[in-house]
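Q:
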Amino acid sequence: MEYDFRKIENYWQNKWKETNAYQVSNSSTKPKCYVLDMFPYPSGAGLHVGHPLGYIASDIYARFKRLKGFNVLHPMGYDAFGLPAEQYAIEHGIHPAVSTEDNINNFRRQLDNIGFSFDWSREVRTSQPGYYKWTQWIFLQLFNSYYNRQINKAESVELLVKYFEADGNKYNPIPNAGYQLPGTDDRKNVSGFSFTASEWNAYDEAQQQDILMQYRLAFCGYGEVNWCEALGTVLANDEVVNGVSERGGFPVEKKRLRQWYLRITEYADRLLEGLETVDFSEAMKDMQRNWIGKSYGADIDFEINDTIEKLKVYTTRPDTIFGVDFMVIAPEHELIEKITTRKHRQEVDDYLAYVKSRSERERMAEKKISGCFTGAYAINPFNSREIPIYISEYVLAGYGTGAIMAVPCGDERDLRFAKHFGINVTNILGDQFNGEEANPTKDAELLDSDFLTGMLMRDAGEIIIRDLEDWGKGKRKVNYKMRDAAFSRQRYWGEPFPIKWINGIAYPLDDTELPLELPKVDEYKPGPDGEGPLANIESWTAQQLETNTMPGYAGSSWYFLRYMDPHNSDAFCDRKVSDYWNQVDLYIGGTEHAVGHLLYSRLWTKVLCDLGYIGFDEPYKKLVNQGMIQGSSRFVYRDKVDTDTFISYNLIKAYDTIPIHVDVNMVDGFELDIEAFKKWRNGEYANAKFILENNGKYFCSSEVEKMSKSKFNTVSPDLLVDKYGADTFRMYEMFLGPVEQSKPWDTKGIEGVHRFLRKLWRLFFDEVKGNIWTGEKANEAELKTLHRAIKKIEDDTERFSFNTAVSAFMVCVNELSDLKCTKREVLEPLLILLTPYAPHICEELWTRLGNNSSILDASFPVFEAKNIAESAKEYPVSVNGKLRTTINISLDATESEVEQLVLANEIMKKWIEDKPVKKLIFVKNKMVNVVV
RNA sequence: GCCCUGGUGGUGGAAUUGGUAGACACGCAGGACUUAAAAUCCUGUUCGCCGCAAUGCGAGUGCGGGUUCAAUUCCCGCCUGGGGCACCA
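Printed below as a string of structure tokens:
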């Protein structure tokens, strides 16, 4: 009777399906636990061994919690809208819905192989109307809300209108500037724009709606966006990497377009504060903090010579005010027009033309110093010094005020600029500045700084800010790097906006009109004027519907809520149900979503909470990032001249060769399977000749790279599951190392795990004798082994140390095997322990032991400390930390008894050598240290 | 450049709070069973030294210092792999 994993796994997977073993109810007297994976985008490539890593970890945890008596929600679904399916449609003419469906089926088949405990009755797909109806609905909530800064919460726009009718916008000033409204081209920058109640009441509808648009959490405006011509769409900041698109690597440029945005900037502080309440890794929190980029400083107004204009700059270092040698404004700055002197007009125009000619990519790639003098001078409010005003592209229009005061002795960029233009550098740092490198310290003593001289920089900032505020020349200011999130795409395969445009005014659809279904199209080409493909559909434009669609992160921002109540057609999720399941207790996924998905879904959660639809404002209580599994590529070396000849790696020095990727599955370690290679790619290398090592083998070289089909370094879980079984595969992925750690995949070693399962099997069955398990009482040694395992494995599983837990199983089974322990009293608890890791074999053995109910419903064995206690123990004794001997001490000896025992020990005297014993340390029940 | 994170045998890794470094597994070497192979089991496996013996000696967790009776763990300085941010004033 041997371990036939194929038969066993097949049987139990079907059985679990038939009995709906993993369906979970929304009501239970048990405590709840919500274990969630980041749902996958169903790509055409299918799963490789890296994908299931996180799923296996979460599955183990979910199953573990279930055994521990929790009602566990562990769902799975698909992030089914997205660019690749649409690109595929453009290239192959296959409707995204069709290819997505195919891909999902393939994913599902692969996932099912591995034996996950997902409750598939709760599956969600973001592209289904039943799902995106609620994505649209939540969008409308965002559209109909604004952020009330007085109470730091989102509120209904209706309320805002009431406030306007009563008080104008005195208590609710316009939050953000920089977005031009669709209807009103001239109302460029309405920051600070205010109106009274009677003015409000006198506005016509268009004017009122324009103003309200400045407040809505989902709003439409014109703005500089990342436009990708090749993809024909707008990308969010986090979808742009080094000036090219994250997907496809196409160039990205700035373009002014009508866009939808989410006013995430209003939530910057709460997104920051919320991080304190959740259990994410420090690295993850840092990434989000960085992205939000909160900084403290001051806005300072500088008078400008010969004009009435003022130049407002933002600085985090007001303490360096006496080191300002020049000002720099961004090329887009509105003051350029007004302050440039006649003499410098031509030069400035040339420079602006130059800046315009440069793409975003060029700007990123070659950060060379460029700029030009405007001819104008600003006045330092503290010493009336005249400061030249320059224009340069190193100052960004979008951050702060788009203008800076440059302090070259303290800022590297300013110093380089000063050197380039021969501007004299004022030193306010004395010895701390060597004239070569700027010193950004805050801890130096200020010199040549008028009334601040002799003061620490750290303290001086406060004084300057206070003075500025007293004189009305500046203001304390907090700034954020984070921008409002672009929320529209000129694409087809996404959620349509439930918005109609009538006379330039955006009207929301009524709830009863949802879902606004995505219409069928024949082609996916962009519409006119940067509009999406929907603009090509007459029936769509005739209804004046918005032609943009929502971006990929729309559906994924709230999917964790839908799993709770997936079939509800009256609400995105019943409040009672979300109160029950509450936050996700454990969320597992990759780091790549640190600033995209995670930030957006935290935002949506906060808004839904503010509006009272859910009762918590952080979605994920604990986040674990699984490491990336890299591929280990293999190369053969082809002779450059004789292209049929391949040279073994150790011999390539003597030849002129080029490396070629070969399929890792044809290579055992480094040794190439020559026959397989000849058959590879339909016999492309059938005529290959080989120059072999002395031992007659062909060796490949290796390199660690990202796992990808084109590098032939992908390993499919299907093959491994077929060869070793799902249980082995699951345990091996965990055994590989800590879940959080990135590592190259290596199949060597999977045998070890497989051996372990066979060894376990042999504790129950013998090939000759058949059943060998017995009902005898376990002895002390056996119980000791079992309870040590219970303790270790329970601890390890709870703290996500799955690799050490797997080791503990191996130790336990090795010991039981040595003890020839085949007793049910020990084996049963062991099976329960192992169920989260290797559910199939455990269920099989459990049943064969004669249990009627499923092991899935067993309860986790209780650890009994008395079973591992030892009566007396050999303790190592060390002198000054060096191990010298062992002594026998009974377990109930007190510390002073231990001391006496050690001192009395004849042997000790020899080592102590007349030196008095300073102290004795009895360390954590582990050893005794004598200090002399 | 800034932030984060890691560096331990031939390999993946373990050591949870400063307490016997190298668990567990792979690989390798030797052995048992077998006609043989597979499977299984046993022994050895950080490096160096001394051996008739062993409970022998010495070094050892990227490098150099420090704190401590005791450091893979804490502190300082460097080298290095990986990830993130990058004209954010």
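Under the working numbering, the first residue of the first sequence carries the number 321, and numbering increases by one thereafter.
Positions of the beta carbon are idealized from the N, C-alpha and C atoms, including for glycine.
Less than 8 Å separating the beta-carbons of G402 and F359?
A: Cβ distance not < 8 Å, so G402 and F359 don't count as in contact.
Q: Can you name, in chain order, every residue of its own chain whose Cβ lies under 6 Å from the Cβ of F1049, other than the five neighbours on each side?
A: L1040 and V1041.
Q: Report yes if the CB atom of Q946 is closer than 8 Å to the CB atom of G435, and no otherwise.
A: No; because the gap between Cβ atoms is not below 8 Å, this pair is not in contact.
Q: Suppose the cutoff is 8 Å on Cβ atoms and the five residues either side in sequence are ignored; what does the same chain contact list for E549 look like?
A: Taken in chain order, the residues that qualify are F570, P571 and E573.
Q: Who are the near neighbours of V1248 in its chain, counting only those whose CB is closer than 6 Å to its CB and skipping five residues on each side?
A: So the list reads Y1195, V1197, V1222 and F1242, once near-sequence residues are dropped.
Q: Using three-state DSSP, classify N1091 as helix, strand or coil.
A: Looking at N1091 - three-state DSSP - the assignment turns out to be strand.
Q: Can you give the Cα-Cα distance for F737 and I689, rounded to whole angstroms?
A: F737 and I689: Cα-Cα distance of roughly 7 Å.
Q: With a threshold of 6 Å on Cβ separation, who are the neighbours of V560 within its own chain once the five nearest residues in sequence on each side are excluded?
A: Taken in chain order, the residues that qualify are N546 and V572.
Q: Once you ignore the five residues that flank A717 on each side, which residues in its own chain have a CB closer than 7 Å to its CB?
A: Once the five neighbours on either side are set aside, the close Cβ partners of A717 are A650, E652 and H653.
Q: Around the C-beta of E329, are 16 or more other C-beta atoms found within 10 angstroms, so that it is buried, or is it exposed?
A: Classification for E329: buried.
Q: Which residues in the same chain as L592 place their Cβ atom closer than 7 Å to its Cβ, once the five residues preceding and following it in sequence are excluded?
A: These residues qualify, in order along the chain: R609, I612 and K614.
Q: Does P818 pass the burial test, meaning 16 or more other C-beta atoms within 10 Å, or should it be called exposed?
A: Answer is buried; the Cβ neighbour count reaches 16.
Q: According to DSSP, is L555 part of a helix, a strand, or is it coil?
A: Three-state DSSP puts L555 in a strand.
Q: Tell me, to the nearest whole angstrom, how far the beta carbon of S952 is from that of P1064; I am working on the premise that it is less than 8 Å.
A: Confirmed, Cβ separation roughly 4 Å.
Q: Our contact map puts Y883 next to P395 with C-beta atoms below 8 Å; I'd like the distance itself, whole angstroms only.
A: Going by Cβ atoms, the distance from Y883 to P395 rounds to 4 Å, so yes, they are a contact pair.
Q: For the alpha helix (DSSP H) containing F642, name the first residue and the last one.
A: First-last for F642: undefined, no H or E at that position.
Q: Using C-beta distances below 7 Å, list every residue in its chain close to W1000, excluding the 5 sequence neighbours before and after it, in chain order.
A: Cβ neighbours of W1000 beyond the five flanking positions: D983 and M986.
Q: Are the CB atoms of V1218 and V1237 nearer to each other than 8 Å?
A: No, these two residues do not count as a Cβ contact at 8 Å.
Q: How would you label V1088, buried or exposed, when you count the other beta carbons within 10 angstroms and need 16 or more for buried?
A: Classification for V1088: exposed.
Q: What does a CB cutoff of less than 6 Å around P1156 pick up in its chain, not counting 5 residues either side in sequence?
A: Excluding residues within five positions, the ones whose Cβ falls inside 6 Å are I380, R383 and F384.
Q: Grab the span of the beta strand (DSSP E) containing K327 for me, first residue to last.
A: Careful: K327 lies outside any beta strand (DSSP E), inside the alpha helix (DSSP H) at F325 to E338.
Q: May I have the straight-line CA-CA distance separating A1125 from E757, to the nearest angstrom?
A: Distance between the alpha carbons of A1125 and E757: 53 Å.
Q: From the DSSP output, in three-state form, read off T585 for me.
A: If DSSP states are grouped into helix, strand and coil, T585 belongs with the helices.
Q: Exposed or buried, which one is L479 when buried takes at least 16 other CB atoms within 10 Å?
A: Label assigned to L479: exposed.
Q: DSSP three-state call for R507: helix, strand or coil?
A: Since pLDDT at R507 reaches only 43, below the 50 mark, its modelled position is unreliable, and no value is offered.
Q: Alpha carbons only, please: which of M647, P493, R683 and Y714 is nearest the one belonging to T698?
A: In the sequence under discussion, the amino acid at residue 698 is Ala, which differs from the Thr named in the question. Among M647, P493, R683 and Y714, the Cα nearest to that of A698 is on M647.
Q: Opposite D988 in the DSSP bridges: which residues?
A: Paired residues: E991.
Q: Report back the beta-carbon spacing between A1128 and D1116 to the nearest angstrom; my notes put them in contact at under 8 Å.
A: That belief holds up - the Cβ atoms of A1128 and D1116 are roughly 7 Å apart, short of 8 Å.
Q: Taking the beta carbon of A891 as the centre, do at least 16 other beta carbons fall within 10 Å, making it buried, or is it exposed?
A: It counts as exposed.
Q: Could you check if Y674 is buried or exposed, using at least 16 other CB atoms within 10 Å of its CB as the buried criterion?
A: Label assigned to Y674: exposed.
Q: My output table needs one value for W547: the three-state DSSP class, helix, strand or coil.
A: The answer is strand: DSSP assigns W547 an E or B state.
Q: Please return the same chain residues whose Cβ sits closer than 7 Å to the Cβ of K941, not counting the five positions on each side in sequence.
A: Correct list, in chain order: V598, D599, Q903, V904 and D905.
Q: What residue range is occupied by the uninterrupted beta strand (DSSP E) comprising E1025?
A: Unbroken beta strand (DSSP E) run through E1025: S1021 to E1025.
Q: Quick one: what's got a C-beta closer than 8 Å to T661's C-beta in the same chain, skipping five residues either side?
A: Result list for T661: T694, G695 and A696, in chain order.
Q: Quick check: what's the CA-CA separation for M607 versus K795?
A: When rounded, the distance between both Cα atoms is 29 Å.
Q: Would a C-beta distance cut-off of 8 Å place D930 and A474 closer than the cut-off?
A: Cβ atoms of D930 and A474: closer than 8 Å.
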